[in-house]
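One structure is given below, encoded as structure tokens.
Numbering (full-length UniProt numbering), first residue to last: 1 to 696.
As structure tokens, this is what we get:
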């Protein structure tokens, strides 16, 4: 009965706050639709008054003598604070919990370290909280809530407001060893309403550019440029006509202005809660904020945070005494500074540092005697926070999570929720209305083919698959428009695992280009051109292997070998297979400007015979301006031609092997996509439990 009476009192107080807020909103210059939007949370689908609290421990329903004393000290602190700072908003000190019992906010924080590797880091804790919980707006946007439920109840029903998010996240961060605090303050409309449509998706942010090195000759003399007449430049600009450009600029400005958010009439008044992480513990280099709705870290100078009223953790409560008219960028977070932060319970047995004033006559709520505010915070009344493996691995209560960014949409799924292992999809649009798709990126997990990302260009329909290390074919990336052979494929390999050092290969119907790294022969590129197949063989229905494409020419390019003289180190060699011509181009020395060349041609009017080597003045062309006497030796040229003939034969076989390898890659990839298999980790207890239940 007492709990019911307390709930009725709580409801009455909430109604009173709503009436007061409604009056204050009427004074603002906003439309009726905007006013209704402020209170649309009252008609939310979930009814918190219907939750079952009968099974909760006794600590949820009653207060110990320490907690009662704590509430008395908090009331005394609040009376002092409201008397000395009458213009400040009321503090968020002891809202009621789910059982209608007043609880001090510090005792609602329950430090907990969950037994999962990611939960040892702030990023893992923040991402879990923002993914696991459903965001509910405050009933009134300009006043803190009248209730603050326990983290265990919030986890059970997977929903809450910004204060619920912050208390849960702070509990996990303190348990992981961070110096974290819950913050009661003010933020922008976009942050309070979880509106990220004006923000760039984190997946699209480019890494910071490395600063360029300073020019060593920056102090050299700079000669003045030729003087030009400004009048002549203006006349030339008028002749060219700059009016259309100005019209285009004005159109762009209009579009930019239309995309900007409208002015918020409650700017600076919207209440928000987030988490403060101080530097020091866990080797945190710099103090930062965490928005619990998104899990993103923000600098303390971020303009989205407009002010702070108070902060608290499981040990104490601090009131901000600094000016927040410029937001939080100038705030000091040295909590030991009594001029900046007023601590509620002194940690060194000293009295409260609030400025003392003699109370006016007739004010019986101010005690004249100074009260010792040193107090040992009682233990949290919240039960131990527990998250099962199934809940941790499947955090999305609605099956998936959708986040709208500026010209982008991000979708998230739990692992094993999709049969193809899809866990995340990012769609990039050309317009703000998200109607025309430009690009789609998908991320996968637990695939046996080790595919982890796929990029699809919607304009060109080009698909690029990315693989982790360990694929049987050593694949790193594969770009294609179709899995049909000879339709344009670019394959990248993990070259350190290959014997030939191949890291990239491009192939279409007419050519194939291969790129190499770290070869002993200094080869870095091989380009092959193909001719058309014989039409008779195509009509007969022969396979691609039986009816291979004729090789027209093979080009190879080599890096410089410092152990050889330049006129003996080949830079480029071309095998014109059909015309039976071999061209060699040598590297240049530092002072040379013309490269040495050798060309071996077929004798005109003479039939070509297999394995025949014919060398004469008619089929040898030399242009070696810097060559040594050795290059003029006919025997040397004969041995060179013989060696090139043997290498040409090997090259043709290597090209055929590359074609066969590409066909095998396409066959394997087609089979992998047709029969997608997901691997189950031995640490995934939830998934292995499901498999065990299915087999029983």
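The C-beta atom is built at its ideal place from N, Cα and C for all residues, glycine as well.
Rounded C-alpha distance that separates residue i from residue j
{"i": "residue 116", "j": "residue 277", "result": "21 angstroms"}
{"i": "residue 463", "j": "residue 439", "result": "10 angstroms"}
{"i": "residue 376", "j": "residue 315", "result": "8 angstroms"}
{"i": "residue 382", "j": "residue 141", "result": "27 angstroms"}
{"i": "residue 441", "j": "residue 393", "result": "22 angstroms"}
{"i": "residue 187", "j": "residue 304", "result": "6 angstroms"}
{"i": "residue 452", "j": "residue 506", "result": "22 angstroms"}
{"i": "residue 486", "j": "residue 674", "result": "20 angstroms"}
{"i": "residue 180", "j": "residue 280", "result": "11 angstroms"}
{"i": "residue 307", "j": "residue 288", "result": "14 angstroms"}
{"i": "residue 93", "j": "residue 263", "result": "32 angstroms"}
{"i": "residue 589", "j": "residue 659", "result": "37 angstroms"}
{"i": "residue 415", "j": "residue 465", "result": "19 angstroms"}
{"i": "residue 158", "j": "residue 669", "result": "40 angstroms"}
{"i": "residue 639", "j": "residue 585", "result": "17 angstroms"}
{"i": "residue 460", "j": "residue 578", "result": "35 angstroms"}
{"i": "residue 67", "j": "residue 103", "result": "8 angstroms"}
{"i": "residue 598", "j": "residue 531", "result": "26 angstroms"}
{"i": "residue 334", "j": "residue 443", "result": "42 angstroms"}
{"i": "residue 484", "j": "residue 503", "result": "22 angstroms"}
{"i": "residue 286", "j": "residue 171", "result": "20 angstroms"}
Reduced DSSP category for residue i - H, G, I as helix; E, B as strand; rest coil
{"i": "residue 291", "result": "strand"}
{"i": "residue 377", "result": "coil"}
{"i": "residue 135", "result": "strand"}
{"i": "residue 597", "result": "strand"}
{"i": "residue 455", "result": "strand"}
{"i": "residue 201", "result": "coil"}
{"i": "residue 585", "result": "strand"}
{"i": "residue 82", "result": "helix"}
{"i": "residue 96", "result": "strand"}
{"i": "residue 397", "result": "coil"}
{"i": "residue 74", "result": "helix"}
{"i": "residue 644", "result": "helix"}
{"i": "residue 147", "result": "strand"}
{"i": "residue 448", "result": "coil"}
{"i": "residue 654", "result": "helix"}
{"i": "residue 473", "result": "coil"}
{"i": "residue 676", "result": "coil"}
{"i": "residue 665", "result": "helix"}
{"i": "residue 160", "result": "strand"}
{"i": "residue 173", "result": "helix"}
{"i": "residue 167", "result": "helix"}
{"i": "residue 129", "result": "helix"}
Where the beta strand (DSSP E) containing residue i begins and where it ends
{"i": "residue 310", "result": "305–312"}
{"i": "residue 413", "result": "408–413"}
{"i": "residue 62", "result": "No beta strand (DSSP E) contains residue 62, which DSSP labels as neither H nor E."}
{"i": "residue 698", "result": "No information on residue 698 is available, as it lies outside the stretch 1 to 696 that the chain covers here."}
{"i": "residue 105", "result": "Careful: residue 105 lies outside any beta strand (DSSP E), inside the alpha helix (DSSP H) at 105–108."}
{"i": "residue 276", "result": "271–277"}
Segment limits, alpha helix (DSSP H) that includes residue i
{"i": "residue 234", "result": "230–240"}
{"i": "residue 178", "result": "Per DSSP, residue 178 belongs to no alpha helix (DSSP H) and is neither H nor E."}
{"i": "residue 391", "result": "389–393"}
{"i": "residue 157", "result": "151–157"}
One or two residues paired with residue i in a DSSP bridge
{"i": "residue 296", "result": "291"}
{"i": "residue 478", "result": "465 and 491"}
{"i": "residue 638", "result": "DSSP output for residue 638 lists no bridge partner at all."}
{"i": "residue 427", "result": "409 and 440"}
{"i": "residue 513", "result": "506 and 527"}
{"i": "residue 342", "result": "319"}
{"i": "residue 183", "result": "274 and 311"}
{"i": "residue 102", "result": "96"}
{"i": "residue 402", "result": "411"}
Residue i: CB within 7 angstroms of a non-hydrogen atom of the ligand NAD
{"i": "residue 294", "result": "The ligand NAD is absent from the structure shown, which contains no ligands of any kind."}
Within-8 angstroms CB hit, residue i to chain C
{"i": "residue 653", "result": "Absence of chain C from the displayed structure is noted, only one protein chain being present."}
Starting from the N-terminal side, write out each stretch of the alpha helix (DSSP H) that is 4 residues or longer and does not extend beyond the stretch 522–583. Within the stretch 522–583, the complete alpha helix (DSSP H) runs of at least 4 residues are 535–539.
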